[in-house]
Amino acid sequence: MPSKGSVVNKKELEAVKKTLETRRGEIIRKLSEAQNQSKIIETDIAQDLADKAESSYTKEFLLSLSNAERGELLQIDAALKRIARGEYGLCLSCQKEIGKKRLHHIPWTSFCIECQEKSEAETA
Ligand SMILES: [Zn+2]
Numbered sequence: 019m020p021s022k023g024s025v026v027n028k029k030e031l032e033a034v035k036k037t038l039e040t041r042r043g044e045i046i047r048k049l050s051e052a053q054n055q056s057k058i059i060e061t062d063i064a065q066d067l068a069d070k071a072e073s074s075y076t077k078e079f080l081l082s083l084s085n086a087e088r089g090e091l092l093q094i095d096a097a098l099k100r101i102a103r104g105e106y107g108l109c110l111s112c113q114k115e116i117g118k119k120r121l122h123h124i125p126w127t128s129f130c131i132e133c134q135e136k137s138e139a140e141t142a
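Numbering (my numbering), first residue to last: 19 to 142.
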């Protein structure tokens, strides 16, 4: 019997985790490339970030990312944390299960389609 929050089974969770970590690595690598003059960031911070899922980012690091990348990176981190807590796949706003199709397209999403559309309508 599926329990609460088990929209995604364990095997799928592992795959999602891998996707998230890969995407995360891409963003971090992109930043490292953009700042390849600074070896400190490339070696220390990037390596550190790659190693720790729970890492908090430096202000400089976050500022150097575009808004979209920053948002994505933080969402990816949040999703990884939810995976660790066994809460992955639940909408942060209404606590309902996020559709599988949606999770497949945007694995780091925190909200179900309804809540997402609602918040977009509010900010628009
Ligand atoms: Zn929702």
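Backbone N, C-alpha and C define an ideal beta-carbon position, used for all residues, glycine too.
Check: Cβ-heavy atom distance, residue 84 to ligand 1, below 6 angstroms; Outcome: no
Check: CB contact below 7 angstroms: residue 76 versus chain B; Outcome: Looking at the structure shown, chain B is missing, and only one protein chain is on hand.
Check: Buried versus exposed call for residue 42 [16 or more other C-beta atoms within 10 Å across all chains shown]; Outcome: buried
Check: Nearest-angstrom Cα separation, counted from residue 126 out to residue 92; Outcome: 9 angstroms
Check: For residue 58, three-class secondary structure by DSSP; Outcome: Unreliable placement is indicated for residue 58, whose pLDDT of 46 sits below 50; the coordinate value is still reported in the next sentence. Note: residue 58 maps to helix in three-state DSSP.
Check: Same chain, Cβ closer than 8 angstroms to residue 57, five either side skipped, listed in chain order; Outcome: With a pLDDT of only 47 at residue 57, under the threshold of 50, the placement of this residue in the model should not be trusted, and no figure is reported.
Check: Through-space distance from residue 120 to residue 103, alpha-carbon basis; Outcome: 20 angstroms
Check: Endpoints, alpha helix (DSSP H) assigned at residue 94; Outcome: 85-103
Check: Of the listed residues 84, 27 and 90, nearest to residue 128 (C-alpha basis); Outcome: 90
Check: Sheet register partners of residue 108 (DSSP bridge); Outcome: 115
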